[in-house]
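K.L.:
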Amino acid sequence: MSEGAVRRLVVVGAGAVGASIGGLCFAARFPVVLIARGAHLDALCERGLSLRLPELAFQLDVPVAESVAEVDWQPGDVALLATKLQDAEQALDALLAAAGAKVPVVCAVNGIDGEVWAAERFETVLATLVWLPATHLMPGEVRLHSAGARGVLDTGAVRGSAGVADEICTLFRRAGFEALRRDEILRWKRAKLLTNLGAAAQALVTDDWLAVAAAARAEGTHVLADAGLEHVPVEELLERCACVGEAPIGGVAREGGSTWQSRARGLPLESPWIEGAIARIAGEHGLEAPINAALARAALAPRDRRAAEFLPG
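Just remember that the numbering used here sits 3 ahead of the position in the sequence shown, which is counted from 1.
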């Protein structure tokens, strides 16, 4: 694909993040295909995507498919990876088989592993800092509680051409997002990882989860520093994303982040690849990260076991 020739966005993982981005790009009259599954896929096929915002609602008849193998891949297609991390490697393998290594892949996923996995398979890989208050609890519906900018989607090249990043940022801005091309995008994504630490605490810890989350973030900050993994100051990230506020939809405020939503829907949690990433990095460098390791273990435990059983005393 030549630079400046992004013609269609194929969203692999049309959940809260993927459907928000894909839906608003489609509403801005850009070609989009959503990849979904299960009851969500059925609802999208039957009724289209219900995308609700504080001040308006869209009912969007976005093209949808059950798998990337169903897409008629063409030059100019770009894949937006927006799955949970536990599903990302399998999704990337399927994408490689269906579209080949030349399709550009935009990693709009949490954590810092998705870009590594994508770069092992594809020639052009972009990383996107995702900051948007989206909720997906019902099949066929996504709520984007943003006030001000729709969200922040700063993007940069990890492998391959930076020109594709320019085109993607232009598309995101057209859809109402704030989006800058970042040459050091991984430093921004590491800062975002730190803000995600403790998401498992919100989902799993009933008493004083905010204190547990703060401890997980402090521990993660020390691990990244001791491992030599640079990140922009979290304060700089928060300043960048301050353009995105939160507002209720139909009088209902956003209840929790993506990990909390997975817990509410009875789905596996992403924490072994978020808090667990900090524990893994710590182990690789002879460090310790007991709080993040405990949260990662608690996320894999049966629902009837309390997270407090895993946390250090």
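Glycine residues also receive a C-beta, built at the ideal position from the N, C-alpha and C atoms.
Is Leu-197 closer than 7 Å to Val-247 when the C-beta atoms are compared?
P.N.:
Numbered from 1 along the sequence shown, position 244 holds the residue referred to as residue 247. Numbered from 1 along the sequence shown, position 194 holds the residue referred to as residue 197. For Val-247 and Leu-197, no; Cβs fall outside 7 Å.
K.L.:
Alpha carbon to alpha carbon, how far is Trp-212 from Gly-201?
P.N.:
Here residue 212 refers to the residue found at position 209 when the sequence shown is read from its first residue. Here residue 201 refers to the residue found at position 198 when the sequence shown is read from its first residue. About 8 Å.
K.L.:
In the structure shown, what three-state DSSP assignment does Trp-191 receive?
P.N.:
Position 188 of the sequence shown, counting from 1, holds the residue named residue 191. Three-state DSSP puts Trp-191 in a helix.
K.L.:
In whole angstroms, what is the alpha-carbon distance linking Ser-5 and Arg-11?
P.N.:
As a working note, residue 5 is residue 2 in the sequence shown. As a working note, residue 11 is residue 8 in the sequence shown. For Ser-5, the predicted model reports a pLDDT of 39, less than 50, meaning its position is unreliable and no value from the coordinates is stated.
K.L.:
Where does Leu-129 sit, in a helix, a strand or coil, going by DSSP?
P.N.:
The residue you call residue 129 lines up with position 126 of the sequence shown. Leu-129 falls in the strand class under three-state DSSP.
K.L.:
Counting only the same chain and skipping the five closest in sequence on each side, list residues whose C-beta sits under 7 Å from that of Gly-7.
P.N.:
Taking the sequence shown and counting its residues from 1, the one referred to as residue 7 is at position 4. Summary for Gly-7: the model assigns pLDDT 47, below 50, so the residue's position carries little reliability; its value from the coordinates is reported in the next sentence. Contacts found: Gly-166 and Glu-170.
K.L.:
Whose C-beta lies closer than 6 Å to the C-beta of Gly-18 among residues of the same chain, with five residues either side of it excluded?
P.N.:
Working through the sequence shown from its first residue, we reach residue 18 at position 15. Excluding residues within five positions, the ones whose Cβ falls inside 6 Å are His-139.
K.L.:
Which value, in whole angstroms, describes the spacing of the CA atoms of Val-15 and Ala-39?
P.N.:
Walking along the sequence shown from the start, residue 15 turns up at place 12. Walking along the sequence shown from the start, residue 39 turns up at place 36. Between Val-15 and Ala-39, the C-alpha separation is close to 7 Å.
K.L.:
For the beta strand (DSSP E) containing Ile-281, list its first residue and its last residue.
P.N.:
Position 278 of the sequence shown holds residue 281. Not the beta strand (DSSP E): Ile-281 falls in the alpha helix (DSSP H), residues 278 to 287.
K.L.:
Evaluate contact between the segment 43 to 52 and the segment 139 to 155, counting only Cβ atoms and requiring at least three cross-stretch pairs below 8 Å.
P.N.:
At 8 Å Cβ cutoff, the stretches touch.
K.L.:
Smallest Cα separation from Leu-303: which of Ala-82, Gly-117, Ala-102 and Thr-262?
P.N.:
Mapped onto the sequence shown, residue 303 falls at position 300. The residue with the shortest Cα to Cα distance from Leu-303 is Thr-262.
K.L.:
To the nearest angstrom, report how far apart Ala-203 and Glu-273 are at their CA atoms.
P.N.:
Along the sequence shown, read from residue 1 onward, the residue named residue 203 stands at position 200. Along the sequence shown, read from residue 1 onward, the residue named residue 273 stands at position 270. Distance between the alpha carbons of Ala-203 and Glu-273 is about 8 Å.
K.L.:
Can you give me the start and stop residues for the beta strand (DSSP E) that Thr-158 sits inside?
P.N.:
As a position in the sequence shown, residue 158 is number 155, starting the count at 1. Residues 158 to 162.
K.L.:
Have a look at the DSSP bridge pairing and note the partners of Ala-60.
P.N.:
Translated into the one-based positions of the sequence shown, residue 60 becomes position 57. According to DSSP, Ala-60 bridges with Arg-55.
K.L.:
Could you tell me the alpha carbon to alpha carbon distance between Val-161 and Pro-78, rounded to whole angstroms?
P.N.:
Translated into the one-based positions of the sequence shown, residue 161 becomes position 158. Translated into the one-based positions of the sequence shown, residue 78 becomes position 75. Roughly 21 Å between the two C-alpha positions.
K.L.:
CA-CA distance, Ala-219 and Gly-26?
P.N.:
Reading the sequence shown from its first residue, position 216 is the one you call residue 219. Reading the sequence shown from its first residue, position 23 is the one you call residue 26. The straight-line gap from Cα to Cα measures roughly 34 Å.
K.L.:
Start and end of the beta strand (DSSP E) containing Ser-149?
P.N.:
Within the sequence shown, the letter at position 146 stands for residue 149. From DSSP, the beta strand (DSSP E) with Ser-149 extends over 149 to 151.
K.L.:
Alpha carbons only, please: which of Ser-53, Cys-48 and Val-9 is nearest the one belonging to Ala-30?
P.N.:
Taking the first residue of the sequence shown as position 1, residue 30 is located at position 27. Checking every option, the nearest Cα to that of Ala-30 belongs to Ser-53.
K.L.:
Is it a yes or a no for the segment 242 to 256 touching the segment 222 to 233, going by three-plus beta-carbon pairs under 8 Å?
P.N.:
These segments do not touch.
K.L.:
Quick one: Cα of Ala-297 to Cα of Pro-275, how far?
P.N.:
The sequence position of residue 297 within the sequence shown is 294, counting from 1. The sequence position of residue 275 within the sequence shown is 272, counting from 1. So the two alpha carbons sit approximately 10 Å from each other.
K.L.:
Let's see if you can read the secondary structure: which residues bound the alpha helix (DSSP H) around Cys-110?
P.N.:
Here residue 110 is taken as the residue at index 107 of the sequence shown, counted from 1. Careful: Cys-110 lies outside any alpha helix (DSSP H), inside the beta strand (DSSP E) at 108 to 110.
K.L.:
Measuring alpha carbon to alpha carbon, tell me which of Ala-182, Ser-164 and Glu-69 ends up nearest Leu-98.
P.N.:
Mapped onto the sequence shown, residue 98 falls at position 95. Among Ala-182, Ser-164 and Glu-69, the Cα nearest to that of Leu-98 is on Glu-69.
K.L.:
Which same chain residues end up closer than 7 Å to Ala-282 when comparing Cβ atoms and leaving out the 5 residues on each side of it in sequence?
P.N.:
Against the sequence shown, residue 282 aligns to sequence position 279. Correct list, in chain order: Ala-292, Asn-295, Ala-296 and Ala-299.
K.L.:
Looking only at its own chain, which residues have a Cβ that is under 7 Å from the Cβ of Glu-278, when we skip the five neighbours before and after it?
P.N.:
The sequence position of residue 278 within the sequence shown is 275, counting from 1. Excluding positions up to five away in sequence, the list reads Leu-200, Ala-203, Ala-219, Asn-295, Leu-298 and Ala-299.
K.L.:
By DSSP's criteria, Arg-11 is part of a beta bridge. Which residues make up the other side?
P.N.:
Your numbering for residue 11 matches position 8 in the sequence shown. Paired residue(s): Asp-80.
K.L.:
Which residue marks the beginning of the beta strand (DSSP E) containing Val-71, and which one marks its end?
P.N.:
For this step, residue 71 is matched to residue 68 along the sequence shown. Counting along the chain, Val-71 falls outside any beta strand (DSSP E), and DSSP gives it neither H nor E.
K.L.:
Candidates Asp-64, Val-65 and Arg-146: which alpha carbon is nearest Arg-257's?
P.N.:
Here residue 257 refers to the residue found at position 254 when the sequence shown is read from its first residue. Taking only the C-alpha atoms, the option nearest Arg-257 is Arg-146.
K.L.:
Between the C-alpha atoms of Gly-154 and Ala-178, what's the straight-line distance to the nearest angstrom?
P.N.:
Your numbering for residue 154 matches position 151 in the sequence shown. Your numbering for residue 178 matches position 175 in the sequence shown. Roughly 10 Å between the two C-alpha positions.
K.L.:
Check whether the segment 72 to 88 touches the segment 107 to 114, counting contact only when three or more Cβ pairs, one atom from each stretch, lie closer than 8 Å.
P.N.:
They touch, by the three-pair rule.
K.L.:
Take Leu-189 as the anchor and find which of Val-235, Cys-48, Leu-63 and Glu-239 has the nearest alpha-carbon.
P.N.:
By 1-based counting over the sequence shown, the position of residue 189 is 186. Taking only the C-alpha atoms, the option nearest Leu-189 is Val-235.
K.L.:
Classify Pro-107 as buried or exposed, calling it buried when 16 or more other Cβ atoms lie within 10 Å of its own Cβ.
P.N.:
In the sequence shown, counting from the first residue as 1, residue 107 sits at position 104. Classification for Pro-107: buried.
K.L.:
Near Ile-284, which residues of its chain fall below 6 Å by C-beta distance, leaving aside the five closest residues on each side in sequence?
P.N.:
Position 281 of the sequence shown, counted from the first residue, corresponds to residue 284. Only Val-226 and Ala-230 meet the Cβ criterion.
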